Amino acid sequence: MSMYKLHYFCGRGRGEMIRFALGLAGVDYEEEFIRTRQDMLSLMPKLRYGQAPMLETPEGERLVQTGAILRYIARKFDLYGKAEGKEERVDEIIEASSDAMGSGLLDVAMRFKTGQSFEEAASTEGVKCMRWIKAWEAQMDDGKFIAGTEKPTVADSCALRVVEEAIEVLGEDTVLAQQPKSAAWRKTMLQVPNIAKFLKSSHRMPSTVDDASAKQYHKEVAAGLGW
């Protein structure tokens, strides 16, 4: 195996945070999508805990658990803030980003599981992520990246994943109008060359704001997991 390979569904979900991190690192990688039950069953023997995402390394390692994969990328590609003594802060934001997505944004993408409309899911579930975005605003230093570092880290790629999804679901004014530091930080992040390149690439999965994309994503996840 000559490059990294990410195994996940053809959609954002929990795999998208890994894609953002690989994008920030400027890593070239392949994707193998889980689209059917047979795809999942064929992959299952390689999944230590029976769940995706999984990242295969060029050395043949099979990494599972989203947080562990993100920390691997941070260490491997010097995106941990180690030189500035910010590893613990980066860890904190990785965990906070996962919680923010899990609080409701992931449910908006999977709204057809519960039969909600986009508007219903956004107003009841999607809005919950603002708790974390407001916390980042309160702790953010002017002119610095989100963990207080002088260069971007995996903390920034994780938080950007949350903020970009929140903007799609809730609107930019709702998310950032009262968060000026976060708005300035986002502008800086979108201008980071590797991030700008990633957001325009095929690795950036399509939005599930529109019902057609959400239905297709739900269909493939349901098939893969045998719902």
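Letter by letter, the sequence shown follows residues 73 to 299 of our numbering.
Using N, Cα and C, we set each Cβ at its ideal position, and we do this for glycine too.
Here the structure is a predicted model, which is why all the values come from computation and not from measurement.
Looking only at its chain, what residues have a beta carbon closer than 7 Å to the beta carbon of residue 88, apart from the 5 residues adjacent to it on each side?
233, 277
Here's a check: name, in chain order, each residue in its chain whose Cβ is nearer than 8 Å to the Cβ of residue 204, leaving out the five neighbours to either side.
168, 169, 171, 172, 175, 234
For residue 200, the three-state DSSP class (helix, strand or coil):
helix
I'd like to know if the region 243-262 and the region 157-168 are in contact, where contact means that at least 3 CB-CB pairs between them fall below 8 Å.
no
Where are the beta strand (DSSP E) runs, 3 residues long or more, that stay fully inside the region 181-240, in chain order?
none
Closer than 8 Å, CB to CB, is residue 123 near chain D or not?
Here chain D cannot be found, since the structure has a single protein chain.
Could you tell me the alpha carbon to alpha carbon distance between residue 281 and residue 190, rounded to whole angstroms?
7 Å
Suppose you measure from the CA of residue 185 to the CA of residue 157; what does that come to, to the nearest Å?
43 Å
Put residue 79 into one of helix, strand or coil per three-state DSSP.
strand
Between residue 286 and residue 109, what straight-line distance do the alpha-carbon atoms span, to the nearest angstrom?
19 Å
Put residue 161 into one of helix, strand or coil per three-state DSSP.
helix
Looking at the structure shown, is residue 144 part of a helix, part of a strand, or coil, going by DSSP?
helix
Starting from residue 99, trace the beta strand (DSSP E) in both directions and tell me its first and last residue.
Here residue 99 belongs to no beta strand (DSSP E), and DSSP marks it neither H nor E.
Residue 120 - DSSP class collapsed to helix/strand/coil:
coil
Determine the DSSP secondary structure at residue 107, reduced to helix, strand or coil.
coil
Could you check the C-alpha separation between residue 228 and residue 217 for me, to the nearest Å?
7 Å
How should residue 251 be labelled, buried or exposed, when 16 other C-beta atoms within 10 angstroms of its C-beta is the threshold for buried?
buried
Three or more C-beta pairs under 8 Å: does that hold for the region 130-141 against the region 97-112?
no
Go ahead and pull the three-state DSSP assignment for residue 128.
strand
Determine the closest residue to residue 266 out of 284, 162, 104, 151, with distance taken between C-alpha atoms.
151
Report buried or exposed for residue 208, applying the criterion of at least 16 other Cβ atoms within 10 angstroms of its Cβ.
buried
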